[in-house]
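First the structure, in the form of structure tokens, and then the observations on it.
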Amino acid sequence: TMPLLIAPSLLSADFARLGEEVAAIEQAGADWLHLDVMDGHFVPNISFGPAVIAALRPHTKLPFDVHLMIEPVDPYLEAFAKAGADHITVHAEAGPHLHRSLQAIRALGVKAGVSLCPATPPEMLSQVLDMVDLILVMSVNPGFGGQKFLSSQTHKIRTLRQMINDSGYPIKLAVDGGIDAETAPQAVAAGADVLIAGSAVYGKTDRAAAIRALRTAGAA
Ligand code: DX5
Ligand code: ZN
């Protein structure tokens, strides 16, 4: 079966010690580092941008999984690629030209991801499956860490898993928001192969144990 990847979200790290927090999570056994970029416009919160990501790049070899919650997105794609993003995920709701954004991301030599907010149906992606490397299902409304997992999203995860399998493309399926050892089994049973977790990993003192707990829960 598919290997389960764990991607801790830096949003719940200590922002006064970001370099150390990034290095520590690699040591703790993370597969990717998830970086939440928020603009105070597409979502009601502001986090960090390309300069911070570029500064963190030398601190780890982990793939940088950059989740852009910004609008507009196209003018900033090159800056995030240059900052060291390995994957750039944009929101399907962030504008009418998702196709163009995905084309632009791949043209920069970066893996292309697309995310869906809880209210957005999976069918929104039916015309772009050949252009994406990663689909990220939001299981909370984007903007903040520490929110409760929306079980209503498991049906969407199942539908997307079916769409991916039918397409034949090697698309990863990630779930983001409210993932912990209690909710991880629901996400994995529905077909997720990447678990993104902020508070359930960076919010814990023993991050290695927290990552192991997610892997164990996902395998159960
Ligand atoms: C929310 C972000 C998430 C967030 C997850 O807008 O996209 O990545 O950091 O945090 P938890 O795991 O605490 O829900
Ligand atoms: Zn995220």
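Residue 96 in the UniProt record's numbering sits at position 93 of the sequence shown, with consecutive numbering throughout. The C-beta atom is built at its ideal place from N, Cα and C for all residues, glycine as well. Every value quoted in this text rests on a predicted model; they were computed, and no experiment measured them.
Look up residue 92 in the DSSP assignment and give the residues it is bridged to. 70 and 116
Cβ neighbour criterion (16 or more within 10 Å) applied to residue 102: exposed
Consider the C-beta atom of residue 70 and the heavy atoms of the ligand ZN; say whether any pair is separated by less than 6 angstroms. yes
With a 10 Å radius around its C-beta and 16 neighbouring C-beta atoms as the bar for buried, classify residue 122 as buried or exposed. exposed
Does DSSP put residue 155 in a helix, in a strand, or in coil? helix
Residue 100 by DSSP, collapsed to three states: which one? coil
Delimiting residues of the beta strand (DSSP E) encompassing residue 200: Boundaries of the beta strand (DSSP E) around residue 200: 197-200.
Helix, strand or coil, according to DSSP, for residue 37 in the structure here? The answer is strand: DSSP assigns residue 37 an E or B state.
Could you give the distance in angstroms between the alpha-carbon of residue 98 and the alpha-carbon of residue 179? 21 angstroms
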